[in-house]
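Visitor: Quick one: structure below, then a few questions.
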Amino acid sequence: MSRRALATAQAPAEAGEDPAFLEAWKKVTTIIEPPQTPMSAMKPRPPTPASIPSKLTVNFVLPYKSEITNKEFCSLREIVGLYQLISCLCGGCLDWRPRLPSQNIGVDQVDMVMVPATTGLMGILPGHVSTIAELKPGVMSVHEGNDVTKYFVSSGFAFIHANSITDVVAVEAVPLDQIDQSLVQKGLAEFTAKLGSASTDLEKAEAQIGVDVHSALNAALTG
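Everything in the sequence shown is counted per this note's numbering, starting at 33 for the first residue and increasing by one.
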């Protein structure tokens, strides 16, 4: 499997880190890795081909690199109940998909990708016009021949380029067959109850996020 960085036509051939920023970051903290800038993930794009290729090149990436700590995981699950959403984060994944949680980038050529855009389900084929689509919680399906592989994505963006290359950046993603439906339904009931009893704007917002994500998960599993 080939691997390469995200790229744009305007990016320099060699992207570098800002040494002054890195030095300042080290003075603030030594236990957290410095955030990566957009330039650290971009390299020159190949030119748009004269004819439309038969395959769509897909880059799939998660925008973080360091593994989450136990303390951070506990904080996350207290907010949105992530431990109830996913029965397994690793294993059984296709080669082109990055292992969670990392910033590894998987690259592969496929026939089509369907992404859950905020404007509706969007099919991306070779030769698609350039556009940027915001993703909402839902199912992303990868089509290669007769094989269809589905992933649940929480949110993110799809950057569709005129040269039949698509970059899908998801905040969270997991194979659909690794999600426990009983836990999803339990979580949906719990967050629905929390939304009904919420007394502050923060409680309502957190409960609404839980309802939205669990509803999308439930629809993906039952649909």
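C-beta: ideal position from N, C-alpha, C; glycine also.
On a predicted model such as this, the values are computed, not experimentally measured, just so you know.
Just the Cα atoms here: how many angstroms apart are isoleucine 192 and proline 169?
Guide: Straight-line measurement puts the Cα of proline 169 at about 19 angstroms from the Cα of isoleucine 192.
Visitor: Short of 7 angstroms in beta carbon distance, which residues of its chain neighbour alanine 230, apart from the five on each side in sequence? Order them along the chain.
Guide: Same-chain partners within the cutoff: Lys236 and Ala239.
Visitor: Please report the distance separating the alpha-carbon of leucine 253 from that of serine 247.
Guide: 10 angstroms
Visitor: Taking only three categories from DSSP, how would you classify asparagine 250?
Guide: Note: asparagine 250 maps to helix in three-state DSSP.
Visitor: Between which two residues does the alpha helix (DSSP H) harbouring proline 148 extend?
Guide: Where proline 148 is concerned, there is no enclosing alpha helix (DSSP H), although the beta strand (DSSP E) it sits in stretches over 144 to 149.
Visitor: Thinking C-alpha only, which one of Tyr183, Ile164, Ala165 and Leu167 is nearest serine 173?
Guide: Tyr183
Visitor: Determine the DSSP secondary structure at lysine 236, reduced to helix, strand or coil.
Guide: helix
Visitor: Taking Cβ positions, are isoleucine 197 and threonine 80 nearer each other than 7 angstroms?
Guide: Their beta carbons are not under 7 angstroms apart, which means isoleucine 197 does not touch threonine 80 by this criterion.
Visitor: Between glycine 219 and valine 201, is the Cβ-Cβ spacing less than 7 angstroms?
Guide: no
Visitor: At what residues does the beta strand (DSSP E) containing lysine 259 begin and finish?
Guide: What the structure shows of the chain is the stretch from 33 to 255, and residue 259 is not part of that stretch, so it cannot be assessed.
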